[in-house]
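Residues in the sequence shown are numbered from 5 upward in steps of one, following our numbering.
By construction, the Cβ of each residue, glycine as well, lies at the ideal position given by its N, Cα and C atoms.
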Amino acid sequence: MQKLILAFAFLPSLVFAQIVKIQQDPKVDWAGIIELTLPADPFNLPQEESLDATMEVLKLNSLGRGFHDHIDHSLNAKLWQVAKTEQWEMFSDPELTKKLPFESAMRRFSKPDSTIRFDPETYEEHIEVNFEAGKLPFEAPQIRVRQLLIYHNANARFDIITLAIAPCWGNESVPYWLKIPSTHIVTPESVYDKADIVWAVRYTTEDSSPREEHWQEIKNTTGPLPERFIDRIRTDTTIHLYDPEETVVPLDKRACLFSCSDTIVTFDPQTWQEHVQVIETGLDNQEVEDLQLVEEWYWDEGQQRLGTRLLAIAPRAMAKIPGKEPLLEARFYRRCDD
Numbered sequence: 005m006q007k008l009i010l011a012f013a014f015l016p017s018l019v020f021a022q023i024v025k026i027q028q029d030p031k032v033d034w035a036g037i038i039e040l041t042l043p044a045d046p047f048n049l050p051q052e053e054s055l056d057a058t059m060e061v062l063k064l065n066s067l068g069r070g071f072h073d074h075i076d077h078s079l080n081a082k083l084w085q086v087a088k089t090e091q092w093e094m095f096s097d098p099e100l101t102k103k104l105p106f107e108s109a110m111r112r113f114s115k116p117d118s119t120i121r122f123d124p125e126t127y128e129e130h131i132e133v134n135f136e137a138g139k140l141p142f143e144a145p146q147i148r149v150r151q152l153l154i155y156h157n158a159n160a161r162f163d164i165i166t167l168a169i170a171p172c173w174g175n176e177s178v179p180y181w182l183k184i185p186s187t188h189i190v191t192p193e194s195v196y197d198k199a200d201i202v203w204a205v206r207y208t209t210e211d212s213s214p215r216e217e218h219w220q221e222i223k224n225t226t227g228p229l230p231e232r233f234i235d236r237i238r239t240d241t242t243i244h245l246y247d248p249e250e251t252v253v254p255l256d257k258r259a260c261l262f263s264c265s266d267t268i269v270t271f272d273p274q275t276w277q278e279h280v281q282v283i284e285t286g287l288d289n290q291e292v293e294d295l296q297l298v299e300e301w302y303w304d305e306g307q308q309r310l311g312t313r314l315l316a317i318a319p320r321a322m323a324k325i326p327g328k329e330p331l332l333e334a335r336f337y338r339r340c341d342d
């Protein structure tokens, strides 16, 4: 424990205090820092072969009332407002150790453009250097977010704390990070009732789903996280599991989530023969590849605050079906608000 605390002693006081509090909390059995790449605008999703996450709109409102008010539904547009007014602290690194003045950050979005002019009377050359604005933060199609994922083994429940956020262009390095101020927990009902909440979405991670080799553990008293989580929920029927249609998995089908035998029958039209193959499925027979997260995000225009909560989590494994390409599959979800 002492080594873990010393390893994070260089962090700013607020982040460091959060980490120390979690490390010393006996109810927390595992915690790790993860980074996700997510789309920023529900009406301008990145057109790429890979899919970082899906984005479902829960609420989109505008407080503008004028005919010519520009409505931008990108989260990066809202983050740009707090960045340029310096309401949130800006850093050059995701660990939030190096403060970055706003003017210095903006220089990263300008590039020098040199023009050589020739004076026919003096026969001299004059070099003019201008700075041309490139892509700007509010135009970024994605966001990158740094979060603290927390696991409580007693009730097999996960939580998240969102630490920092940045505008993002795919795999490029981000220009700066904004430290997210603390915010009150918002219940799902108040998202619709509160007028100041003008933007709310639900993210489901795909390619950005955290993998064991990518997260940074800051506490582990329970061993490998996926295995411990699965062992915990395997036989405890008081912990509800939900299928992808958000229905509670009935008790008579629960065991098959972890170990099951399926019979695959294929027909050969040339030989007129049937081929019967028995395959073992379930998480006991498959290696967990990643953890799919379902998160709800909201923007409070009045407080200029971003709220996030973890709604559900699913261990995903590669489903291997004869004759088909292997596909990552979430067979069940553990709701985090149960």
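Exercise for review: Answer yes if the segment 257-269 comes into contact with the segment 167-180, meaning at least three C-beta pairs across the two stretches below 8 Å, and no otherwise.
Suggested key: Result no; under three Cβ-Cβ pairs closer than 8 Å.
Practice item. Check whether the segment 292-301 touches the segment 265-278, counting contact only when three or more Cβ pairs, one atom from each stretch, lie closer than 8 Å. Key: The segment 292-301, when compared against the segment 265-278, does not touch it at the 8 Å Cβ threshold.
Review point. What is the DSSP secondary structure of residue 183, reduced to helix, strand or coil?
Key: Position 179 of the sequence shown, counting from 1, holds the residue named residue 183. If DSSP states are grouped into helix, strand and coil, residue 183 belongs with the strands.
Check your understanding: Can you name the residues that DSSP bridges to residue 285?
Key -> Here residue 285 refers to the residue found at position 281 when the sequence shown is read from its first residue. DSSP output for residue 285 lists 264 as bridge partner(s).
Check your understanding: What beta strand (DSSP E) runs, 3 residues minimum, are completely inside the segment 129-178?
Key -> 146-156 and 161-172
Point to revise | Span separating the alpha-carbon of residue 215 from that of residue 274 | key: Within the sequence shown, the letter at position 211 stands for residue 215. Within the sequence shown, the letter at position 270 stands for residue 274. Each residue's alpha carbon lies about 44 Å from the other.
Exercise for review: Might you give, ordered along the chain, the residues of its own chain that have their beta carbon closer than 7 Å to the beta carbon of residue 324, omitting 5 neighbours on each side?
Suggested key: Taking the sequence shown and counting its residues from 1, one reaches residue 324 at position 320. So the list reads 330, once near-sequence residues are dropped.
Practice item. State the start and end residues of the unbroken alpha helix (DSSP H) segment that holds residue 323. Key: As a working mapping, residue 323 is identified with position 319 in the sequence shown. Careful: residue 323 lies outside any alpha helix (DSSP H), inside the beta strand (DSSP E) at 309-323.
Exercise for review: With a cut-off of 8 Å on the beta carbons, I'd call residue 339 and residue 207 a contact; round off their distance for me.
Suggested key: Within the sequence shown, the letter at position 335 stands for residue 339. Within the sequence shown, the letter at position 203 stands for residue 207. Residue 339 to residue 207, Cβ: 16 Å. No contact.
Check your understanding: Hey, out of 195, 20, 33 and 23, whose CA is closest to residue 236's CA?
Key -> Sequence index remark: in the sequence shown, residue 236 carries index 232 (1-based). It is 33 whose Cα lies nearest to the Cα of residue 236.
**Study point:** Simplified DSSP state of residue 16, which is helix, strand or coil
**Key:** What you label residue 16 is simply residue 12 of the sequence shown in a count that begins at 1. Only weak support is given to the placement of residue 16: the predicted model assigns it a pLDDT of 49, under 50, and the question is left unresolved by the model.
Check your understanding: Where do the ends of the beta strand (DSSP E) carrying residue 302 lie?
Key -> What you label residue 302 is simply residue 298 of the sequence shown in a count that begins at 1. Counting along the chain, the beta strand (DSSP E) containing residue 302 begins and ends at 292-304.
**Study point:** Cβ separation of residue 153 and residue 142, assumed to be a contact under 8 Å, to the nearest whole Å
**Key:** Residue mapping note: residue 153 aligns to position 149 of the sequence shown, counting from 1. Residue mapping note: residue 142 aligns to position 138 of the sequence shown, counting from 1. At roughly 28 Å, the Cβ-Cβ gap does not stay under 8 Å, so residue 153 and residue 142 are not in contact.
Review point. Helix, strand or coil: which one does DSSP assign to residue 48?
Key: In the sequence shown, counting from the first residue as 1, residue 48 sits at position 44. DSSP places residue 48 in coil when its eight states are reduced to three.
Review point. Of all the options 149, 196 and 304, which has the alpha carbon lying nearest to the alpha carbon of residue 38?
Key: Your numbering for residue 38 matches position 34 in the sequence shown. If we check each option's Cα against that of residue 38, 149 comes out closest.
Point to revise | residue 84 in three-state terms, based on DSSP | key: As a position in the sequence shown, residue 84 is number 80, starting the count at 1. Helix.
Practice item. Say whether the segment 266-273 touches the segment 226-245, bearing in mind that this needs 3 or more beta-carbon pairs closer than 8 Å, one atom from each stretch. Key: no
Exercise for review: Rounded to whole angstroms, what's the CA-CA distance from residue 80 to residue 146? Just pull it up for me.
Suggested key: Against the sequence shown, residue 80 aligns to sequence position 76. Against the sequence shown, residue 146 aligns to sequence position 142. Rounded to whole angstroms, residue 80 to residue 146 spans 8 Å at the Cα level.
Check your understanding: Does DSSP classify residue 232 as helix, strand or coil?
Key -> Within the sequence shown, residue 232 is the residue found at index 228, counting from 1. Three-state DSSP puts residue 232 in a helix.
Review point. With a CB to CB cut of under 7 Å and the five nearest residues on each side skipped, what residues in its chain are close to residue 333?
Key: For the purposes of this step, residue 333 is identified with residue 329 of the sequence shown, where counting begins at 1. Excluding residues up to 5 positions away in sequence, 320, 321 and 323 lie with their Cβ nearer than 7 Å to the Cβ of residue 333 in the same chain.
Review point. Among all the DSSP beta bridges, which residues are the ones paired with residue 201?
Key: If you number the sequence shown from 1, residue 201 lands on position 197. In DSSP, residue 201 forms a bridge with 304.
Exercise for review: Could you tell me whether the segment 215-230 touches the segment 84-98, using the rule of 3 or more Cβ pairs below 8 Å?
Suggested key: no
Practice item. Quick one: grab the DSSP three-state call for residue 72. Key: Position 68 of the sequence shown, counted from the start, is the residue given in the question as residue 72. At residue 72 the pLDDT is 46, less than 50, meaning the model places this residue with poor confidence and gives no usable figure here.
**Study point:** Bridge partner(s) assigned by DSSP for residue 338
**Key:** By one-based count along the sequence shown, residue 338 stands at place 334. Partner(s): 317.
Exercise for review: May I ask which residues mark the beginning and end of the alpha helix (DSSP H) holding residue 57?
Suggested key: If you number the sequence shown from 1, residue 57 lands on position 53. Looking at the DSSP string, residue 57 is not in any alpha helix (DSSP H); the run it does join, the beta strand (DSSP E), is 57-64.
Exercise for review: Could you spell out where the alpha helix (DSSP H) holding residue 255 opens and where it closes?
Suggested key: For the purposes of this step, residue 255 is taken as the residue at position 251 of the sequence shown. Looking at the DSSP string, the run of the alpha helix (DSSP H) that includes residue 255 is 255-258.
Check your understanding: From this set, 56, 47 and 43, which residue's C-alpha is nearest residue 211's C-alpha?
Key -> Looking up residue 211 in the sequence shown gives position 207. For the residues 56, 47 and 43, the minimum Cα distance to residue 211 belongs to 56.
Practice item. Output the distance between the C-alpha atoms of residue 300 and residue 164, rounded to the nearest integer angstrom. Key: For this step, residue 300 is matched to residue 296 along the sequence shown. For this step, residue 164 is matched to residue 160 along the sequence shown. Cα to Cα, the separation comes out at about 11 Å.
Check your understanding: Going by the beta-carbon positions, is the gap between residue 4 and residue 167 smaller than 8 Å?
Key -> As displayed, the chain neither begins before 5 nor continues past 342, which places residue 4 out of reach and without an answer.
Exercise for review: Consult DSSP for residue 113 and reduce its assignment to one of helix, strand or coil.
Suggested key: Within the sequence shown, the letter at position 109 stands for residue 113. Note: residue 113 maps to coil in three-state DSSP.
Exercise for review: Kindly indicate which three-state DSSP category residue 23 falls into: helix, strand or coil?
Suggested key: Taking the first residue of the sequence shown as position 1, residue 23 is located at position 19. Correct three-state label for residue 23: helix.
Review point. By a C-beta neighbour count over all protein chains shown, 10 Å radius and 16 as the cutoff for buried, is residue 71 buried or exposed?
Key: Here residue 71 corresponds to residue number 67 of the sequence shown, with the count starting at 1. Here the model assigns residue 71 a pLDDT of 49, short of 50, so the residue's position is not dependable, and the following value carries that caveat. An exposed status is given to residue 71, since fewer than 16 other beta-carbon atoms sit within 10 Å of its beta-carbon.
Point to revise | Cβ pair count under 8 Å reaching 3, the segment 41-52 against the segment 95-106 | key: no
Review point. Buried or exposed: which applies to residue 47, given that a residue is buried once 16 or more other Cβ atoms fall within 10 Å of its Cβ?
Key: In the sequence shown, residue 47 corresponds to position 43, counting from 1. Flag for residue 47 reads exposed.
Exercise for review: Classify residue 209 as buried or exposed, calling it buried when 16 or more other Cβ atoms lie within 10 Å of its own Cβ.
Suggested key: Within the sequence shown, residue 209 is the residue found at index 205, counting from 1. It counts as buried.
Exercise for review: Output the distance between the C-alpha atoms of residue 265 and residue 113, rounded to the nearest integer angstrom.
Suggested key: In the sequence shown, the residue the question calls residue 265 occupies position 261. In the sequence shown, the residue the question calls residue 113 occupies position 109. Answer to the nearest angstrom: the Cα atoms are 56 Å apart.
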